[in-house]
Amino acid sequence: MYVKQKISVAVVALLAASTLGAAANEKVTFGTNWLAEPEHGGYYQAVADGTYAACGLDVTIMQGGPQVSGRPMLLAGKIDFYMGGNLLSAFDAVQQGIPMRVVAADFQKDPQVIMSHPGEGLDKWEDLKNAEQYILGDEGAQTFFQWMVIELGFDASKRAPYTYNTAPFLANKKSIQQGYVTSEPFAVKKEGGFVPNQFLLADYGWDTYSTTIEVMQDTIDKKPEVVQCFVDGSAKGWYKYLYGDNKAANDLIKKDNPDMSDEQIAFSIDQMKKFGLADSGDTEKLGIGAMTDARIKSFYDKMVKAKVTPAGIDITKAYTLAFVNKGVGLELKK
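So, in structure tokens, the structure goes:
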């Protein structure tokens, strides 16, 4: 009788500790920079399978979109983490004296791609500058296109606005168009009936990190364990999403964004793997989220040369390597 009672008390104590631990999980919000999509899959995975919860966080994902301004919410303390598009915003923050830092780069490669029609004399990277028309959005025209003009000799006068409609590209076989490698090629195949040539800018010198995790310095100073948990949980989430069972994560993505189809999800995941967006290069030894001083300086120097970013910025204030390069999650790769 005594033994049974003792075991019962131990079980109750264990359950109480478990409940207390769950209740103690810190609530944090991660703002993405667009509507829910497979390019955010690692974060949804870590929510869905309890990876964040396992290290003490109760994470809410706040999806972005055309009407959502996530970064100002980070600066105002309304959200705890924000998904950066590339390193330019981090450089800009330093210039403006904003104490924000990149703590991980979950994409080693920017998904930006240039597409061309096959068999039209635009089948090689070096041929692209000879296209009749460069269909590029405003943001691209002010950033990577400036690098393409200065570094690679593209003709600025050939630029035409991209309105996120593939019709002009489909109509002009001698044109090239920007896009995300996970998205626009899918649209071209569906609407145009062919697979376009795809040139990932990252493979030709555009060496910014992408899908970064941005956080305020105050959070780093006061809650470093929260930052570490989120960085580690995200890395593990990405490994599980890319190489494991991602159904639960995809269900959450579709719940947040009902317009996301299974066909689009499958295409995006395949492209992320094929082009090594999250897992390539330094991640093979350092783990997903890896960053290096040399890589960040290389990109900054290119942006200064292209007159996208001013010289003289102390870029060491834009990021920290304290939370990455530890090989977290490598054992999950299958």
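Taking mature numbering (1 follows the signal peptide of the UniProt record, and there is no 0), I'd label the letters of the sequence shown as residues -24 to -1, 1 to 310.
Think of the CB as a built atom: it goes at the ideal place given N, C-alpha and C, for glycine as much as any other residue.
query, result
"Whole beta strand (DSSP E) elements within the stretch 121 to 165, 3-residue minimum", "135 to 137 and 151 to 156"
"DSSP three-state assignment for Thr27, whether helix, strand or coil", "helix"
"Whole-angstrom distance between Tyr140 and Phe121, CA atom to CA atom", "17 Å"
"Whole-Å CB distance - Leu112 paired with Arg135, under 8 Å assumed", "5 Å"
"CB of Ser186 within 8 Å of CB of Asn62, strictly", "yes"
"Secondary structure of Gly288, DSSP reduced to three states", "coil"
"Gly60 beta carbon less than 8 Å from that of Thr8", "no"
"Contacting residues, own chain, Cβ-Cβ under 8 Å from Asp194 (five flanking each side not counted)", "Pro75"
"Neighbourhood of Gly168 by C-beta distance below 6 Å, restricted to the same chain and skipping five residues each side", "Leu146"
"For Ala282 and Ile127, the rounded distance between their alpha carbons", "First, the amino acid is wrong: residue 127 is Glu here, not Ile. One C-alpha to the other measures close to 8 Å."
"Identity of the residues DSSP links to Asp34 by a beta bridge", "Lys3"
"Whole runs of the alpha helix (DSSP H) within the stretch 217 to 283, excluding any shorter than 4 residues", "223 to 232, 238 to 251, 259 to 262 and 269 to 281"
"Residue from Gly181, Pro42, Leu64 and Ile37 whose Cα sits closest to the Cα of Lys54", "Ile37"
"Bridge partner(s) assigned by DSSP for Met192", "Met76"
"Limits of the alpha helix (DSSP H) - the one that Phe299 falls within", "Per DSSP, Phe299 belongs to no alpha helix (DSSP H) and is neither H nor E."
"Simplified DSSP assignment, three categories, for Ser92", "strand"
"Nearest-angstrom beta carbon gap, Gly18 and Trp214 [assumed within contact, 8 Å]", "3 Å"
"Beta-ladder partner(s) of residue 312, from DSSP", "Shown here, the chain extends from -24 to 310; a query on residue 312 therefore has no answer."
"Candidates Glu96, Glu115 and Asp114, of which the one nearest Asn106 by Cα", "Glu96"
"Reference Ala254; option with closest CA among Asp56, Ala29 and Gly305", "Gly305"
"Exposure label - Asp82; buried when at least 16 CB within 10 Å", "buried"
"Pairwise C-alpha distance: Asn173 and Lys149", "12 Å"
"Straight-line gap, residue 314 to Glu160 (C-alpha atoms, nearest Å)", "What is shown of the chain runs -24 to 310, which leaves residue 314 out entirely."
"Sequence-distant residues of the same chain with beta carbon closer than 7 Å to Thr259, five excluded per side", "Gln84 and Ala266"
"Burial state of Glu108 (16 or more Cβ within 10 Å)", "exposed"
"Neighbourhood of Asp208 by C-beta distance below 7 Å, restricted to the same chain and skipping five residues each side", "Cys31 and Val304"
"Candidates Thr292, Tyr276, Leu308 and Lys198, of which the one nearest Thr119 by Cα", "Tyr276"
"Ala81 in three-state terms, based on DSSP", "strand"
"Identity of the residues DSSP links to residue 399 by a beta bridge", "This structure cannot speak to residue 399, because the chain is shown only from -24 to 310."
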